[in-house]
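For reference, the structure discussed in these notes is given below.
Protein chains: 4
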Amino acid sequence: MSRKNLRFGVLGVGRIGKIHAENLVNRIPGAEVAALADVFADELARVAARLNVTATYQDYRQVLELPEVDAVAICTPSDTHKRVILDAAAAGKHIFCEKPIELSVAAIEEINQEVAKRGIQLMVGFNRRFDPNFLKVREMVQSGKVGTPQVLKITSRDPAPPPEHFIRASGGVFLDMTIHDFDMARYLMGSEVTEVYARAGVLVDPVFEKAGDWDTAIVTLAFASGAMGVIDNSRKAVYGYDQRVEVFGSGGMVTVRNNTPDSHIHLDQTGVHSALPLNFFMERYTESYLREMRAFVEAVQGTQPVPVTGQDALLAVVIGLAAAKSARENRPVKLAEIH
Amino acid sequence: MSRKNLRFGVLGVGRIGKIHAENLVNRIPGAEVAALADVFADELARVAARLNVTATYQDYRQVLELPEVDAVAICTPSDTHKRVILDAAAAGKHIFCEKPIELSVAAIEEINQEVAKRGIQLMVGFNRRFDPNFLKVREMVQSGKVGTPQVLKITSRDPAPPPEHFIRASGGVFLDMTIHDFDMARYLMGSEVTEVYARAGVLVDPVFEKAGDWDTAIVTLAFASGAMGVIDNSRKAVYGYDQRVEVFGSGGMVTVRNNTPDSHIHLDQTGVHSALPLNFFMERYTESYLREMRAFVEAVQGTQPVPVTGQDALLAVVIGLAAAKSARENRPVKLAEIH
Amino acid sequence: MSRKNLRFGVLGVGRIGKIHAENLVNRIPGAEVAALADVFADELARVAARLNVTATYQDYRQVLELPEVDAVAICTPSDTHKRVILDAAAAGKHIFCEKPIELSVAAIEEINQEVAKRGIQLMVGFNRRFDPNFLKVREMVQSGKVGTPQVLKITSRDPAPPPEHFIRASGGVFLDMTIHDFDMARYLMGSEVTEVYARAGVLVDPVFEKAGDWDTAIVTLAFASGAMGVIDNSRKAVYGYDQRVEVFGSGGMVTVRNNTPDSHIHLDQTGVHSALPLNFFMERYTESYLREMRAFVEAVQGTQPVPVTGQDALLAVVIGLAAAKSARENRPVKLAEIH
Amino acid sequence: MSRKNLRFGVLGVGRIGKIHAENLVNRIPGAEVAALADVFADELARVAARLNVTATYQDYRQVLELPEVDAVAICTPSDTHKRVILDAAAAGKHIFCEKPIELSVAAIEEINQEVAKRGIQLMVGFNRRFDPNFLKVREMVQSGKVGTPQVLKITSRDPAPPPEHFIRASGGVFLDMTIHDFDMARYLMGSEVTEVYARAGVLVDPVFEKAGDWDTAIVTLAFASGAMGVIDNSRKAVYGYDQRVEVFGSGGMVTVRNNTPDSHIHLDQTGVHSALPLNFFMERYTESYLREMRAFVEAVQGTQPVPVTGQDALLAVVIGLAAAKSARENRPVKLAEIH
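Right under this line is the structure:
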């Protein structure tokens, strides 16, 4: 292989780590996987064999010591992100880290300062920005096809709630689920959120209430531009993964449909039938996972800043914290109250 | 014609009065138009000639004196509604009145008490309830096709703002425009609204600000059932009259598309193109105007209560007043604060 | 009523006669119904009462004698059309006649000559020309939106076969059912058909075979312009009345969707579901029946030729006869072989 | 890499060869590329470098001599297919060959006999069978979702004509373009074609006439089952690559939409706009190229017959020859006349 390839250590080969490792090995020109790390030896061996990677380690720090590793993809559990990022930054590796990098403002600021000091690149895995449909919406908004954006609408519904232990560790619906929509809101509207009002409830499963969380929410956003937005979330849509956005403005409107496994239309005596949305994020965002990692590789190799920064991670968390506070206190909350 | 026909006096033959008069003359079995009234003599004569109605009066009170008139359709300017309703009730006529019957709680309660005392029927013109698409949504919700309703979404955008004098007399966006959506929310969800949060702004035209009004709004609703809802409004959608609803629940989701003048799909080198939504309410709700008047006639003749009552008018206004208060004070407002 | 109204005698008040009579009474400015005729006295009385028409006759010839009748709408059984047309022409009445006016070339030519001689107007009920969707397709073709038309596709499927006695008297699928599509082909393409190849079979019900008829067919058309077309027919689509057209050309393509009773979209665990096409022609073509009669009234009153002439009737029948010959002999048949 | 991988020689690394080579290297478990061949040394070197393949040859016969090569993917020009297949068969290699394997019945039969004698597997590249949408249609037909299939409709339009030299060498529209549709017809309907009638013309570009070819065609098919079908083709759809199928039967209908690069819907003052179909086959059938090669690898490794055989190639060519004869002689042609 060529000398100029960006050589990755993939840290964590669980569900999402496998996706990134496979994309880096097979589908991203200019990248290769030099080492894999995971605490689970069996899974590590299986993935390594399949991808033909020989260097494997159970301790991620061993990967950070390898001089041939230029960058890491951090796919370890969320509560380890800060530690792994700081270690990787100290080792001078460029960093792609899955979202969320951290759940508190202080922790993210510490990360961002450390990264800035080391002069490395840090990209955060808000993969939806790279989805061809949402990308098209952004392009149309930016090129003026809807005029001045006035109203943003995002519907984001999961097909089924996560397991209870996940809910308890997730940071709550706004930091775990809606955080993607908050990032999307900033991305699509090209304006910062200044205030939120969140109405949240437990309509799907009492387990959320026991965990001090909510499963259903409607969040109103105010943007610095004067525009408004609304996000509606549910932890359970029986018909699948519902992911829609709409931007309305002075010149028109643009929206996208959900993705489906096929486009068949079937008519019989009972009605017209077609395929449900793709279920779940692994299928729905296959293409965006690939494109985001390509973007990371291109940014690092081109010595340009990466497209989703630690600052983006910070701002999404700030909105999430404001939304949670708003829902608890049933009043609009300005972001300035949080940070 | 048959003796049992319900004989109408149509009071006011402007835009909406003409629609009702024509429907009553030509398309509603069991109804006929016995008299027309309007202060503008020329227009009155034209409509009367076209519809072959011989009894015409410039003063609506003369119609109320006619013993052969069983019912009136009140299509006079909104600020006359209360007076005409009270006069018609005193004359013992059944009443169909265009929305809004009044803009204050006290006035509507006075009307409702008077109507109850006289033992007549009063129906309010929330015509959208009779639209075949929205009716289908309600039927599916009521028959359990979406399970327990959890989230309601309504998008309601006008093609263009009304003239300034209309804006100033309208009672504001929430009582003039969103009031239809508030009624639709109660109708579709089968549960009462208990609290609202409205974010409103002037993004379309400064004339709204001068009139102390807004042109763009997002309103979050809490229902007694625990469900939530959101309405987004704009006074100006350049692509036409955008009227969509969606009900999401534990068992699925139901939504409807906008109506278009035709279903053509045109593909050329630049893209795939199809027809814009029907523009404006006269075209969009043609069928619902017809069906609501049929429903009124059937209810009166069947001696059953009419399907949209003075109580419905009251509750929509209460929500509207709460929304306006919420927007002004930027906080959620419980309906109990209003009434 | 105004003196200038076109006064109609409606001859035959069966299914289609009722539609025309009701439209003429209630929904067509400039027209009125002066008399009704039908051999069935009871039905005649019912329709007359409902429409408030006092002059009724069991013998249509009595209507033709009325001096106040300007025009007739012939809705009697198909096998009486020729006789009624000739009588009406002799009486100097303008004629709207349901399709088919006759099934043989000779009979139609006799009718057309007689009509020409009398100086009256004859319009044939190819109502689909007046459907808003098909009209839009024609407008787009004529205004050059698809460039030079190259390929026409028509799908026309009935929801269920007619009764056996109807099949036996129908003239066969090409003269009874496809004849609408043949007329539509000429109308949409703006070019005459010169040759057809029809492949036909009995795939739905053996009753068609017993009657010497077919229930399924694919007909290839050659147009004088060099363009081609294909029509596919079935007597039974379990999902309803399937009526689609597509015109493809050097500059693009235009097509239309089927009409549905509502636009709801329902998602549940099993899929995405929506409404079947309107079923049957009475519902599907409600608007086109109204518009065709308006067009007849406007043409006669404007002293312009009517938009669907006896010549149009003749040409559709010639194509139908060629198609039947083609299917029987399994070879392409030039229209010049027929007429 | 694992010992059991199927090791490929990819013969020809032009447009389609690159796709297969890349899929085999990166995306097909159980396969690897052991050698590449192409007469153009520069392109060969570029592809080899990119895919990290070290063994490259300008003469494909050198690849056939490599003992480590188990199978070949033949992507050389169509007029070399027969010779390369026979050489590969003689060398005992399993063969995947791009369509068409040959254009004459005699040549294909010779190939099939040779392949059978050598006991190797031969798969033909009718990639559309592996498209997720068409696959879904087939599954629904086979599982009875449309009842007994009665009518097949295929629309297949290219975005632009091929260059003149390609047209002259292509074997004509029916063997070059419609051949895919003929294979699809057999595949979807599960019944053999017995007779065809083709109407063809030159409506797009006179170059087709000069080459003794056509650019526009409508082909009627009769199936052994009694069902019928129709294919319409054009060499030039300005709006892109139009690939639709529809199967209609006694129990319903199933169809699929064209694939688009994204699902955006844009509304502005001029209309509703969305994305054109993917253009061209490289983009449209990306997924099916991958899936067909996977199916080949799985079949060979599983020692099962491959899913698209030399017999399938033969039958598609027979239908194509019958269609060409039908178009020339303007009469229906039975397949028995050809073979």
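Protein chains in written order, with the numbering used here: chain V, -4 to 334; chain U, -4 to 334; chain E, -4 to 334; chain L, -4 to 334.
Glycine included, each C-beta is placed from N, C-alpha and C at the ideal position.
For the pair G142/L and G207/L, the CB atoms are not nearer than the 8 Å cut-off.
Taking all protein chains in view, the Cβ of A222/E is crowded by 16 or more other Cβ atoms within 10 Å, so the residue is classified as buried.
With a cutoff of 8 Å on beta-carbon distance, T150/U and A212/U are scored as not near each other. Within the stretch 25 to 57 of chain L, the complete beta strand (DSSP E) segments of 3 residues or longer fall at 26 to 32, listed in chain order. Bounds of any alpha helix (DSSP H) do not take in S245/L, whose DSSP letter is neither H nor E. With respect to chain L, the C-beta atom of A270/U has a partner C-beta closer than 8 Å. Within the same chain, Cβ atoms closer than 8 Å to the Cβ of A270/E are found at T255, P256, D257, S258, H259, the five residues on either side in sequence being excluded. Here A193/U is not near S73/U, since their CB atoms are 8 Å or more apart. Remark: C-beta atoms of T71/E and L19/E do not approach each other more closely than 8 Å.
By the CB criterion at 8 Å, F3/U and V34/U fall outside the cutoff. Among the residues of chain E, those whose CB is under 7 Å from the CB of Q264/V are V233, Y234, following chain order. Annotated three-state conformation of L330/E is helix, per DSSP.
When C-alpha distances from V191/L are compared across V312/L, E38/L, P62/L, the shortest belongs to V312/L.
Inclusion of V146/U and G224/U in the CB contact set at 8 Å is warranted, their separation being smaller than that value. For T211/E, the closest Cβ of chain L is nearer than 8 Å.
Three or more beta-carbon pairs separated by less than 8 Å link the stretch 163 to 181 of chain U to the stretch 224 to 239 of chain U, which places the two stretches in contact. Any Cβ of chain U closer than 8 Å to the Cβ of V267/L would place that residue at the interface, and such an atom is present. Residues of the stretch 235 to 257 of chain U with a C-beta less than 8 Å from any C-beta of chain V: D237, F243, S245, G246, G247, M248, listed in chain order. Of the residues R289/U, A164/U, L285/U, N128/U, the one whose Cα lies closest to the Cα of H261/E is N128/U. Taking the Cα of G120/E as reference, the smallest distance to any Cα among K77/E, H175/E, T75/E is reached at H175/E.
From the listed residues R326/V, R163/V, A195/V, the smallest Cα separation to F218/U is found for A195/V. Here F218/U is bridged, per DSSP, to V188/U. DSSP lists I149/E, V214/E as the beta-bridge partner residues of I226/E. For the stretch 116 to 140 of chain L, the set of positions with a beta-carbon nearer than 7 Å to some beta-carbon of chain V reads P127, N128, K131, V132, M135, K140 in chain order.
Non-local C-beta neighbours of A294/L in its own chain, meaning closer than 8 Å and more than five positions away in sequence, comprise Q116, M118, P300, V301, P302, ordered along the chain. Put simply, of T215/L, G12/L, E241/L the residue whose alpha carbon is nearest the alpha carbon of N325/L is T215/L.
For the stretch 109 to 141 of chain V, the full-length alpha helix (DSSP H) segments reaching 4 residues or more read 127 to 137 along the chain. In this chain, the alpha helix (DSSP H) harbouring F203/V covers 201 to 205. A44/L is not a Cβ neighbour of A30/L, given a cutoff of 8 Å.
For F275/L, the secondary structure class from DSSP, reduced to helix, strand or coil, is coil. By the neighbour-count criterion, in which a residue is buried when 16 or more other Cβ atoms sit within 10 angstroms of its Cβ, D65/U is buried. Using beta-carbon distances, H261/E counts as an interface residue toward chain U, with a partner under 8 Å. P156/L and D210/L do touch by the CB rule: their CB atoms are close to 6 Å apart, below 8 Å.
Judged by DSSP in its simplified three-state form, Q238/L adopts strand.
Straight-line spacing of the CA atoms in T304/U and A111/U works out to 11 Å. In the DSSP assignment, the residues bridged to V251/E are H259/U.
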